[in-house]
Amino acid sequence: MATRGFFGRRPADDAAKRLPPGQYLERGFPVLSAGPTPHVDMASWTFTLKVGPRPVKKWTWGQFTALPRTAIHKDIHCVTKWTKLDTDWDGVSVDAILADAGVTPPTPWLLAHSFDGYTTNVPYKDVAGDMGIVATSYDGAPISPDHGGPARLLVPHLYFWKSAKWINGLQFTERDEPGFWELRGYHIYGDPWREQRFTGDP
Amino acid sequence: MTQAEVLPPRLVWQEAEVRRIVQQTPTVKSFFLAPPAWHGFVAGQHIDVRLTAPDGYQAQRSYSIGSPPEAAEVELVIERLSTGEVSPFFHEVVQVGDMIEMRGPIGGHFDWQASDGGPVLLIGGGSGVVPLVSMLRHRAAAAPDVKMGLVYSARRFEDVIFRDELLARAAAEPDFALHLALTREAAPVAGHRHGRIDRAFIAEALAGLGAPPKLCFVCGATAFVEVASMFLVEIGVPFAAIRTERYGGTPAEDPIKADVAPEE
Ligand SMILES: Cc1cc2nc3c(=O)[nH]c(=O)nc-3n(C[C@H](O)[C@H](O)[C@H](O)COP(=O)(O)OP(=O)(O)OC[C@H]3O[C@@H](n4cnc5c(N)ncnc54)[C@H](O)[C@@H]3O)c2cc1C
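Going down the list, the sequences are from chains A and B.
Position 202 of the first sequence, counted from 1, bears residue number 202 in the numbering used here, the numbering being contiguous throughout.
For the numbering used here, count along the second sequence from 1 and bump the result up by 1000.
Spelled out as structure tokens, the structure:
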């Protein structure tokens, strides 16, 4: 049913086609985090790959950024309703991380961990190939701390909370393990085109 | 317990009648909604509203709940952003008796209930005070002995949302302290600040709690939250004790130099 007196402000047609349901076009770059912005010291930065509780390989910043790189040009969608078109990222694909560690995916589920204790779950199939990277650059420059720098996960086809900021590890889990927001009522998968914002959304 | 039992139930869209509208400041109005299927919430949570145009186009936005869980109606407190799509609609079009589609409550992190205890420091910029006022109202009803301080930054005295209520609470409730910071003018009441919040101002508010804070809640435009939460970290409040809600707006290039007052 229409809301009395509401006509809305539509974006241009080409942009409108790229807006998932309930999203609006944002030209700036807002921020969503559950706490303060941590300022991660590069000298002590590490990235750990785990299978279950077992660490498989750990990289320093220098080692990590020397891995083969993948660029991503995609639209991003935040569950707080903004969508930003044509964002440019660069980083290390999850597959490149696995290859460097000599690991083939032992389970279908990943849990991303961050320096601030944040976690979020992503199926491996959603980061396979060039679908998901650990980004270390945004728009040609290092990622600023408020946007998750020095490194953040980037899975642009899912709501942006899945793109964990300040990432410091990926862990294969035995089952699909809900992370921070998923335990607080947000959708376990988070596809913006199916508007999977909250638990129970289709 | 299995996962399914821990996770909250499905959030369904429902039409809520607008029962009352109150002008709070020159740019802020309260809308009191009566959702038919409402099973309570925790202070600090928000709802989503969804507006539908005749051709089916829809816009959604989030709004914090300003009323306490004890109240019968759900109070939304909306600031008019002149260039906005949804907030000017609420200010210029919505009338008592209108039906607004909404769902909620949403959020399981930026919330406080009596059993969480204290002391608690609340820091709000502009309309970011809304969920904090819900916490203050809940505290007064359910746990008046919990120490709470509110640091609240607004442009002018006339922009202070819930001003009379907050001043009255500060006078009447011995365990609540109000620290206003007005960026554009001096406050006509004693004991408040003319200027932006800074580290010293927040440190003073923390000291007034008499013990280290159990929780700090920071809410407002993104640039404001960045700066205020950074001050807390610098003062030594543990990271895990600080919870934030960022309303929007793009953060300034350098948050330290940014005007941390909420601007249009
Ligand atoms: C969890 C949550 C709770 C919220 N609670 C409240 C609330 O209680 N009261 C309230 O008034 N708002 C609240 N907001 C903000 C609200 O959801 C809308 O973003 C706001 O009303 C603007 O919507 P609009 O359609 O009018 O403007 P839009 O058309 O969405 O935006 C217009 C322009 O203003 C900018 N902008 C958006 N928000 C802000 C901001 N806060 N400060 C500065 N610039 C901004 C945008 O970047 C954009 O450029 C909340 C947001 C979130 C995420």
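Heads up, the beta-carbon is just placed ideally off N, CA and C, and yes, glycines get one too.
This structure is a prediction, so every number in the text was calculated from the model and none was measured.
Item: Beta carbon of L110(A) nearer than 7 Å to that of V92(A); Value: no
Item: Given V1120(B) as reference, the closest of A1211(B), Q1058(B), L1182(B) and L1215(B) once Cα atoms are compared; Value: L1215(B)
Item: Proximity of V1028(B) and E1085(B) at Cβ, strictly below 7 Å; Value: no
Item: Check: G1117(B) C-beta below 6 Å from any heavy atom of ligand 1; Value: no
Item: Contiguous beta strand (DSSP E) assignments of at least 3 residues, all confined to the stretch 1177-1247 of chain B; Value: 1215-1220 and 1242-1246
Item: Residues near L67(A) by beta carbon distance below 6 Å, same chain, minus five either side; Value: V92, A96 and D100
Item: W161(A) (DSSP reduced to helix, strand or coil); Value: helix
Item: Proximal residues of chain B, C-beta to C-beta of P36(A) below 7 Å; Value: S1229, M1230, L1232, V1233, F1239, I1242 and T1244
Item: Closer than 6 Å: H1046(B) CB and nearest ligand 1 heavy atom; Value: yes
Item: Chain A contacts made by the stretch 1050-1080 of chain B, where a contact means CB separation under 9 Å; Value: R1050, L1051, T1052, A1053, P1054, D1055, G1056, Y1057, Q1058, A1059, Q1060, R1061 and S1062
Item: Burial state of W166(A) (16 or more Cβ within 10 Å); Value: buried
Item: Distance between L1011(B) and R184(A) (C-alpha atoms, nearest Å); Value: 13 Å
Item: Same chain only: Cβ atoms within 8 Å of A1211(B), ignoring 5 sequence neighbours per side; Value: P1119 and K1147
Item: Alpha helix (DSSP H) segments (min. 4 residues) lying fully within the stretch 40-94 of chain A; Value: 61-65
Item: Limits of the unbroken beta strand (DSSP E) element including V1093(B); Value: V1093(B) -> no beta strand (DSSP E), and no H or E assigned at all.
Item: Distance between D1055(B) and M1230(B) (C-alpha atoms, nearest Å); Value: 45 Å
Item: Heavy atom of ligand 1 within 6 Å of S33(A) beta-carbon; Value: no
Item: Span of the beta strand (DSSP E) around D1272(B); Value: The question about residue 1272(B) has no answer, for chain B in this structure spans 1001 to 1264.
Item: Validate contact between the stretch 1083-1103 of chain B and the stretch 1140-1154 of chain B using beta carbons, cut 8 Å, 3 pairs; Value: no
Item: Straight-line Cα distance separating F1041(B) from Q1113(B); Value: 10 Å
Item: Distance cut-off 6 Å: S1030(B) Cβ against heavy atoms of ligand 2; Value: Ligand 2 is not part of this structure, which contains only ligand 1.
Item: Cutoff 7 Å: V1093(B) Cβ touching any chain A Cβ; Value: yes
Item: Pair within 7 Å by beta-carbon distance, E26(A) and W82(A); Value: yes
Item: Of the residues A1172(B), I1123(B) and L1033(B), the one placed nearest C1219(B), counting alpha carbons only; Value: I1123(B)
Item: Among L1209(B), V1237(B), S1030(B) and A1223(B), the one whose alpha carbon lies nearest that of P1174(B); Value: L1209(B)
Item: Outcome for Q171(A) when other beta-carbon atoms lying within 10 angstroms are tallied against a minimum of 16; Value: buried
Item: Buried versus exposed call for Q23(A) [16 or more other C-beta atoms within 10 Å across all chains shown]; Value: buried
Item: Three-state secondary structure assigned by DSSP to F172(A); Value: strand
Item: Validate contact between the stretch 37-46 of chain A and the stretch 133-151 of chain A using beta carbons, cut 8 Å, 3 pairs; Value: yes
Item: Contacting residues, own chain, Cβ-Cβ under 8 Å from Q1003(B) (five flanking each side not counted); Value: Any reading at Q1003(B) must be qualified, since the residue scores a pLDDT of 42, below 50, and its modelled position is unreliable; no value is offered.
Item: Within chain A, partners of H1109(B) - CB distance below 7 Å; Value: A34 and R184
Item: Chain A within 7 Å of F1217(B), Cβ atoms only; Value: no
Item: Under 7 Å between C-beta atoms of H77(A) and P20(A); Value: yes
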